[in-house]
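J.: In case it helps, the numbering used here puts the sequence shown at residues 10 to 424.
Cβ atoms here follow ideal geometry from the backbone N, Cα and C, with glycine treated the same way.
Model, not experiment: these values are computed from the prediction.
Below is the structure I would like to discuss, written out as structure tokens.
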Amino acid sequence: MTDPDSALPALSGTARSLAARCAPRVNALARQMSRGAFEQLHGYAELPADVKDVEIAATARHGLRLFLDRVAHDPDPRTTPGGFDVFRERAAQRAEEGMPLPLLLTTHSVGVRVLWQALRDAARPGEEAALVELAGYLFGAEQRIVQAVTETYLDEQAAALTAERHTEHPSLVRGLLEGTTPPPPGSGLDGPSLVLFVQLPDGPRATVAARRMARRLQAALDRSFGREVPALLDGTGGRAIVPGGTEPPTALAGLLDEVCGPGVRLAAVPAETGAGIPEAARTAARIVRVARACGHPAGLHRLDDVLLEYQLSRPSAGSDRIAALLDPVAGRPELIETLRTHLEQARDRRATARLLTLHPNTVDNRLARFSTMTGLDLSTPRGAALALAALLLRDAEEEPGSPASAGEGDGTPKA
């Protein structure tokens, strides 16, 4: 590929003066790119807000300032390549997150078009020749940047594929968690292990955001246990197996909150052998679900923390009759959701109202309607316990298969 800047003559004073008039508009132009022009690109709207408002906007500002600074000082781009380091770093991040290369390259071309329009708007009569000078400089710089971005993106993808060959294959981890695959000899997974279930706050995320969150979660687990942890993760959380682990590090919950945001719930259940991994996975998922339904604060949950409630959620001779207590409100999803939130918030009506964006009186009315239809008095310990048990049992019935196999894609149970 030819060097697009090799034959560029020195820019005239008029061209530099024209470019300098655009310098005060750098921040506005960056916002116009990240929250205006780029929004029209297919797939851009799905990117998480922090990528658009922070990383992409910052990259746009860097590109604008780099161009205007070089125009002002007329440096030789062949001897000052350092400004492209930011573009290379961002290209590596976008490749790791799975952003399509066409979308990444199109943002650069659209950014150049926005800057070119700004130069045209700032041009005065008689500065047509200066515009032509800047056009040659701008489009030459675009070619160099696109070349650097493409090379870095493809290199990062190749490196990721190489690294993936040396990690636990997702199908193997899924098979271990679901009991369909025996532990490979010498893997360390046929002996004692610790099975984790992690549930992140805020629910499902868009594809790129989910990949970013899964990567952060994986890095946090690897850091906490000092090794690569076999896991199935997505934007809502997931499951992991720690060979030889018996207790999670005390700082694990805090680290997950720091990396993934406050409100992370996790449970850790030991498995004596590889054959015990599926049952440990089911138990861990149920512990998190029960802890949430009971209104326990987020963090690390142990079986002892929810022992009674866990037992209430287990099938027994009376399970069908308890679950049937909610039959009268089966067609009233708003009452079920109010009950669930009310129990999760330790029966705090105001907290329930805030989460459901309702007036507290509306919550009271719904709970009163629930009690009238089911005969369960939520103001009494027995009524609340029966309602909780019925809710947990019905949740278990609605899970496809078992908690260890529920969910889509990565096999993560959705609590």
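Quick one: which unbroken beta strand (DSSP E) runs of 3-plus residues sit fully inside the region 187-250? Chain order, please.
T.: Here the runs fully enclosed are 202-208, 240-243.
J.: Would D59 be called buried (16 or more neighbouring beta carbons within 10 Å of its own) or exposed?
T.: Numbered from 1 along the sequence shown, position 50 holds the residue referred to as residue 59. Exposed, since its Cβ has fewer than 16 Cβ neighbours within 10 Å.
J.: With a Cβ-Cβ cutoff of 8 Å, do A262 and A249 count as a contact?
T.: By 1-based counting over the sequence shown, the position of residue 262 is 253. By 1-based counting over the sequence shown, the position of residue 249 is 240. No, Cβ-Cβ distance for A262 and A249 is not below 8 Å.
J.: Taking V268 and R225 to be in contact with their CB atoms under 8 Å, please state how far apart those CB atoms are, rounded to whole angstroms.
T.: By 1-based counting over the sequence shown, the position of residue 268 is 259. By 1-based counting over the sequence shown, the position of residue 225 is 216. With a Cβ gap of about 5 Å, V268 and R225 count as contacting.
J.: Is it buried or exposed, P86, if we count other Cβ atoms within 10 angstroms and call 16 or more buried?
T.: What you label residue 86 is simply residue 77 of the sequence shown in a count that begins at 1. Annotation note: pLDDT 49 at P86 (below 50); position unreliable, coordinate value reported separately. The residue in question, P86, is buried, as its Cβ has 16 or more Cβ neighbours within 10 Å.
J.: Alpha carbon to alpha carbon, how far is G149 from R25?
T.: Residue 149 sits at position 140 when you count from the first residue of the sequence shown. Residue 25 sits at position 16 when you count from the first residue of the sequence shown. Spanning the two alpha carbons is a distance of roughly 16 Å.
J.: Looking only at its chain, what residues have a beta carbon closer than 8 Å to the beta carbon of R30, apart from the 5 residues adjacent to it on each side?
T.: The count along the sequence shown starts at 1 and reaches residue 30 at position 21. So the list reads A131, once near-sequence residues are dropped.
J.: What does the Cβ neighbour count give for Q430, buried or exposed, with the cut at 16 atoms within 10 Å?
T.: Because the chain spans 10 through 424 in this model, residue 430 falls outside it and cannot be assessed.
J.: Can you give me the C-alpha to C-alpha distance between R97 and G247, rounded to a whole angstrom?
T.: Sequence index remark: in the sequence shown, residue 97 carries index 88 (1-based). Sequence index remark: in the sequence shown, residue 247 carries index 238 (1-based). Rounded to whole angstroms, R97 to G247 spans 31 Å at the Cα level.
J.: Can you tell me where the beta strand (DSSP E) with G308 in it begins and where it stops?
T.: In the sequence shown, the residue the question calls residue 308 occupies position 299. G308 -> beta strand (DSSP E) spans 308-310.
J.: Can you give me the C-alpha to C-alpha distance between L335 and A399, rounded to a whole angstrom?
T.: Reading the sequence shown from its first residue, position 326 is the one you call residue 335. Reading the sequence shown from its first residue, position 390 is the one you call residue 399. Rounded to the nearest angstrom, the two C-alpha atoms are 7 Å apart.
J.: Out of curiosity, what's the CA-to-CA distance linking V273 and A101?
T.: Here residue 273 refers to the residue found at position 264 of the sequence shown. Here residue 101 refers to the residue found at position 92 of the sequence shown. Going by the C-alpha atoms only, they are around 28 Å apart.
J.: What does P252 pair with, by DSSP beta-bridge criteria?
T.: Locating residue 252 in the sequence shown gives position 243, where the first residue counts as 1. Paired residues: S202.
J.: Look at the Cβ atom of E48, then the Cβ atom of R221, and state whether they are nearer than 8 Å.
T.: Taking the sequence shown and counting its residues from 1, the one referred to as residue 48 is at position 39. Taking the sequence shown and counting its residues from 1, the one referred to as residue 221 is at position 212. No, Cβ-Cβ distance for E48 and R221 is not below 8 Å.
J.: Which residue or residues does DSSP assign as beta-bridge partners of P279?
T.: Counted from its first residue, the sequence shown places residue 279 at position 270. Looking at the DSSP assignment, P279 forms a beta bridge with L203.
J.: I need the DSSP call for E274, collapsed to helix, strand or coil.
T.: Locating residue 274 in the sequence shown gives position 265, counting from the first residue. The residue you asked about is not Glu; residue 274 is Arg in the sequence shown. Residue state, collapsed to three classes: strand.
J.: Where are the alpha helix (DSSP H) runs, 4 residues long or more, that stay fully inside the region 358-403, in chain order?
T.: Counting whole runs of 4 or more residues, the region 358-403 contains the alpha helix (DSSP H) stretches 358-365, 369-383.
J.: Quick check for students: name the residue ranges of the alpha helix (DSSP H) that lie wholly in the region 67-144, counting only runs of 4 or more.
T.: Entirely contained in the region 67-144, the alpha helix (DSSP H) runs reaching 4 residues are, in chain order, 94-106, 110-131.
J.: If the criterion is Cβ atoms closer than 8 Å, does the pair K61 and R44 meet it?
T.: Within the sequence shown, the letter at position 52 stands for residue 61. Within the sequence shown, the letter at position 35 stands for residue 44. Cβ atoms of K61 and R44: closer than 8 Å.
J.: For S322, which three-state DSSP category applies?
T.: Taking the first residue of the sequence shown as position 1, residue 322 is located at position 313. Three-state DSSP puts S322 in coil, outside helix and strand.
J.: Got a sec? Which residues, its chain only, sit under 8 Å from S118 by beta carbon, not counting five neighbours each side?
T.: Taking the first residue of the sequence shown as 1, we reach residue 118 at position 109. Here the set comprises E151, V155.
J.: Using C-beta distances below 7 Å, list every residue in its chain close to L385, excluding the 5 sequence neighbours before and after it, in chain order.
T.: Working through the sequence shown from its first residue, we reach residue 385 at position 376. Hits under 7 Å: L334, G392, L395, A396.
J.: Just confirm the distance between the C-beta atoms of V251 and A276, as a whole number of angstroms; I'd bet it's less than 8 Å.
T.: The residue labelled residue 251 in the question sits at position 242 within the sequence shown. The residue labelled residue 276 in the question sits at position 267 within the sequence shown. In fact, because the Cβ distance is near 13 Å, the residues do not count as touching under 8 Å.
J.: Beta-carbon within less than 6 Å of L265's beta-carbon, same chain only, minus the 5 sequence neighbours each way: which residues are those?
T.: The residue you call residue 265 lines up with position 256 of the sequence shown. Answer for L265: A229, V273, listed in chain order.
J.: Starting from L265, follow the alpha helix (DSSP H) in both directions and report where the run begins and ends.
T.: Start at 1 with the first residue of the sequence shown, and residue 265 comes out as number 256. It spans 261-269 - the alpha helix (DSSP H) in which L265 sits, taken as one unbroken run.
J.: Exposed or buried, what is T389 when buried is set at 16 or more other beta-carbons lying within 10 Å of its beta-carbon?
T.: As a position in the sequence shown, residue 389 is number 380, starting the count at 1. By the neighbour-count rule (16 or more Cβ atoms within 10 Å), T389 is not buried but exposed.
J.: Is the beta carbon of M42 sitting closer than 8 Å to the one on A69?
T.: Along the sequence shown, one-based indexing puts residue 42 at 33. Along the sequence shown, one-based indexing puts residue 69 at 60. Yes. Within cutoff.
J.: Pick out whichever of D329, R378, T361, P342 has its Cα sitting closest to the Cα of R403.
T.: In the sequence shown, the residue the question calls residue 403 occupies position 394. The option with the nearest alpha carbon to R403 is D329.
J.: Have a look at H51 and L112 and give me their C-alpha separation to the nearest angstrom.
T.: Locating residue 51 in the sequence shown gives position 42, counting from the first residue. Locating residue 112 in the sequence shown gives position 103, counting from the first residue. Going from the Cα of H51 to the Cα of L112 covers about 7 Å.
J.: For the alpha helix (DSSP H) that E64 lies in, which residues bound it at each end?
T.: Locating residue 64 in the sequence shown gives position 55, where the first residue counts as 1. Neither: E64 is in no alpha helix (DSSP H) and is coded neither H nor E.
J.: Spatial neighbours of G184 within its chain, please: CB distance less than 8 Å, with the 5 preceding and 5 following residues excluded, ordered by chain position.
T.: For this step, residue 184 is matched to residue 175 along the sequence shown. Cβ neighbours of G184 beyond the five flanking positions: T190.
J.: Taking V204 and A289 to be in contact with their CB atoms under 8 Å, please state how far apart those CB atoms are, rounded to whole angstroms.
T.: Here the question's residue 204 lines up with position 195 in the sequence shown. Here the question's residue 289 lines up with position 280 in the sequence shown. Contact holds; Cβ gap of about 4 Å.
J.: Which residues in the same chain have their Cβ closer than 8 Å to the Cβ of Q166, if we skip the five residues on either side of it in sequence?
T.: Stepping through the sequence shown from its first residue, residue 166 is reached at position 157. Taken in chain order, the residues that qualify are A104.
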